[in-house]
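Residue numbers (our numbering), protein chains in the order written: chain A, 362 to 562; chain B, 362 to 562. All remarks here apply to the structure that follows.
Number of protein chains: 2
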Amino acid sequence: MKTPLQFYFDFSSPYGYFAAVRIDELAAEFGRLVDWHPVLLGVIFKTTETRPLLQLPLKGPYSKHDLTRTARHHQIAFKLPTIFPIASHQTARAMLWIQNKHGKDIAKQFAKKCYQSYFVDDINISEVEAILKIAADCGVNSEEVANGIQLPEIKVQLKTEVDVALEQGVFGSPFVVVDGEAFWGFDRFYQIEALLKNGQI
Amino acid sequence: MKTPLQFYFDFSSPYGYFAAVRIDELAAEFGRLVDWHPVLLGVIFKTTETRPLLQLPLKGPYSKHDLTRTARHHQIAFKLPTIFPIASHQTARAMLWIQNKHGKDIAKQFAKKCYQSYFVDDINISEVEAILKIAADCGVNSEEVANGIQLPEIKVQLKTEVDVALEQGVFGSPFVVVDGEAFWGFDRFYQIEALLKNGQI
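Quick look at the structure:
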């Protein structure tokens, strides 16, 4: 069995969303699965001494345009959310709790619906109310999720997962590791595809 | 006559080098010319509050690997220079002086040879001696270049060109403007190609 692709993303990252729309399909084409890992760019950026893209002079306005253009070119539905960026720790905790309790598939379904809600329907997925509604749409008891994301062990689990990601060199979103080879950015998907196809790059 | 592509690059930028290897060929395929504009990322990064890529934690080591991998994937000869990055103002001034005196074609030839010398042959093109040798290889009198790059008006010209580039939103290398549409990065060349092909993107 070939190893799954390791996919790291932040729920507030638009390029992470583009990757999320495409990665399962890309992996499946070459008989691979994908492990989804929510991370927190806010924490990672402290280590890498980076600031959120859209806050950067010149690069910010450019990136807004690039996002819309790139989404259109790849035929991905996209609208830059009214409130952007957002704190994504509650959403990430909810995903981990759902994964612990209901397994990877439901957790992934939840993650996809979160991204869709944020980057297509302009719903602020940092708010617990929105998170619970999306969980309920996935058939998960929302009261249990509300309790779950408050648990100390979930907070510790997310912190640990972000620390482990950092140790593995993850510094952005999307970040994909395929058989030990690391790729940063949706614009490296053509190289991921080449690696999956040829077994080397 | 269709307008030329506006290509901004820093002589110390490896992704700028990749772009330089490909851009004339890409433009020619769609009946376009390319205007080459040397800029100084050192100056631009002060405005954009950015630091050189390879100096960034985590992103630095990743980028070294990405450069080699990307060069290999696109079949571009590449070796990360022993001394990297370098101050590129003397090289940029030499290019401008050659352009003023001998025209765009010779200046472009000089720029290509500089990039090749730095990113293939590991020659430190920040050194005047190397610059003069490359100029001589292009049939330009090296003594005249040595004097030319010291002229106050060339220093002013480069400073002005960098300021104008900044005003137009240029914040990185490579940076390409096609019919008013801006693209940052060698990894946006597929979008430039789409625009040239379809007249829109």
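Note that CB positions come from ideal geometry on N, CA and C, so glycine has one too. Bear in mind the structure is a predicted one, so any value in this text is a computation, not a measurement.
With distances taken between CB atoms, is the gap from Leu394 of chain A to Leu457 of chain A smaller than 8 angstroms?
-> no
Along the chain, which unbroken stretches of the beta strand (DSSP E) at least 3 residues long are found entirely within the segment 420 to 457 of chain A?
-> Along the length of the segment 420 to 457 of chain A, whole beta strand (DSSP E) runs at least 3 residues long do not occur.
Classification of Gln552 of chain A by the beta-carbon crowding that lies within 10 angstroms, buried from 16 upward | Under this definition Gln552 of chain A is a buried residue.
Does DSSP classify Leu366 of chain A as helix, strand or coil?
-> strand
Please say whether Ile495 of chain A and Ser478 of chain A have beta carbons closer to each other than 8 angstroms?
-> Against a cut-off of 8 angstroms, the Cβ pair of Ile495 of chain A and Ser478 of chain A comes out as a contact.
Since Glu410 of chain A meets chain B, which of its residues come closer than 9 angstroms, beta carbon to beta carbon?
-> Arg412, Leu417 and Pro418
Given that Arg393 of chain B touches chain A, what residues does it touch there, using C-beta distances under 9 angstroms?
-> Within 9 angstroms Cβ-Cβ: nothing; Arg393 of chain B doesn't reach chain A, min ~19 angstroms.
Should Gln511 of chain A go down as buried or exposed, given a rule of 16 or more other Cβ atoms within 10 Å for buried?
-> exposed
Do Pro535 of chain B and Phe480 of chain B have their C-beta atoms within less than 8 angstroms of each other?
-> no
Taking the Cβ atom as the reference point for each residue, do Asp566 of chain A and Asp548 of chain B lie within a distance shorter than 8 angstroms?
-> No statement about residue 566 of chain A is possible, as the shown extent of chain A runs from 362 to 562 and does not include it.
Determine the chain B residues that contact Phe580 of chain A at a beta-carbon separation under 9 angstroms, and present them in chain order.
-> Not covered by the structure: residue 580 of chain A. The range shown for chain A is 362 to 562.
If you measure from the beta carbon of Asp482 of chain B to each beta carbon in chain A, is any gap under 8 angstroms?
-> It does not: the Cβ of Asp482 of chain B has no partner Cβ on chain A nearer than 8 angstroms.
By DSSP, does Asp483 of chain A sit in helix, in strand, or in coil?
-> coil
Inter-residue Cα distance where the pair is Phe471 of chain A and Ile486 of chain A = One C-alpha to the other measures close to 11 angstroms.
C-beta neighbour in chain A for Trp458 of chain B, strict 8 angstroms = Not flagged as an interface residue toward chain A: Trp458 of chain B, since no C-beta distance is shorter than 8 angstroms.
Who does Pro399 of chain A pair with in a DSSP beta bridge?
-> A:Phe370
Residue closest to Arg433 of chain B, alpha-carbon to alpha-carbon, out of B:Arg412, B:Asp483, B:Ala507 and B:Phe379 = B:Phe379
When the Cβ atoms of the segment 443 to 453 of chain A are set against those of the segment 399 to 415 of chain A, are three or more pairs found closer than 8 angstroms?
-> yes
Of the residues B:Tyr369, B:Glu505, B:Asp482 and B:Thr429, which one's Cα is nearest the Cα of Lys462 of chain B?
-> Considering only alpha carbons, the answer is B:Glu505.
Could you tell me whether the segment 522 to 532 of chain B touches the segment 420 to 427 of chain A, using the rule of 3 or more Cβ pairs below 8 angstroms?
-> yes
DSSP three-state call for Phe532 of chain A: helix, strand or coil?
-> coil
What residues from chain B crowd round Ala555 of chain A, counting only those whose CB sits closer than 8 angstroms?
-> His434
Which whole-angstrom value describes the C-beta separation of Leu557 of chain B and Phe439 of chain B, a residue pair presumed to lie in contact below a C-beta threshold of 8 angstroms?
-> Actually they are not in contact, since the Cβ atoms of Leu557 of chain B and Phe439 of chain B sit about 25 angstroms apart, beyond 8 angstroms.
Is the Cβ of Asp540 of chain B closer than 8 angstroms to any Cβ of chain A?
-> no
Can the beta-carbon of Lys474 of chain A be found closer than 8 angstroms to that of Asp498 of chain A?
-> yes
Spell out whether any CB of chain B is found under 8 angstroms from the CB atom of Trp545 of chain A.
-> yes
Rounded Cβ spacing between Ala507 of chain A and Val523 of chain A (contact assumed at less than 8 angstroms) = Not quite, the Cβ-Cβ distance comes to about 22 angstroms (not below 8 angstroms), so this is no contact.
Using a Cβ cut-off of 8 angstroms, pull out every chain B residue sitting near Ile562 of chain A, in sequence order please.
-> Arg430, Arg433 and His434
Which two residues bound the contiguous alpha helix (DSSP H) that contains Phe379 of chain A?
-> Pro375 to Glu390
Determine, using beta carbons only, whether Val501 of chain A and Phe368 of chain A come nearer to each other than 8 angstroms.
-> Against a cut-off of 8 angstroms, the Cβ pair of Phe368 of chain A and Val501 of chain A comes out as no contact.
Backbone secondary structure at Val489 of chain A - three-state DSSP | helix
Interface partners of Gln518 of chain B on chain A, CB under 9 angstroms = Going along chain A, no residue has its Cβ under 9 angstroms from Gln518 of chain B, so there is no contact; the nearest lies around 22 angstroms.
Within chain B, partners of Asp548 of chain A - CB distance below 8 angstroms = Gly546, Asp548 and Arg549
Under 8 angstroms Cβ-Cβ, which residues of chain B neighbour Gln552 of chain A?
-> What Gln552 of chain A touches in chain B: Arg430, Thr431 and His434.
Do you know how far the Cα of Gln436 of chain A is from the Cα of Thr429 of chain B?
-> 30 angstroms
For Gly377 of chain A, I'd like the list of residues in its chain whose CB is within less than 7 angstroms of its CB, leaving aside the five on either flank, ordered along the chain.
-> Non-local C-beta neighbours of Gly377 of chain A in its own chain, meaning closer than 7 angstroms and more than five positions away in sequence, comprise Phe370, Asp371, Ser534 and Pro535, ordered along the chain.
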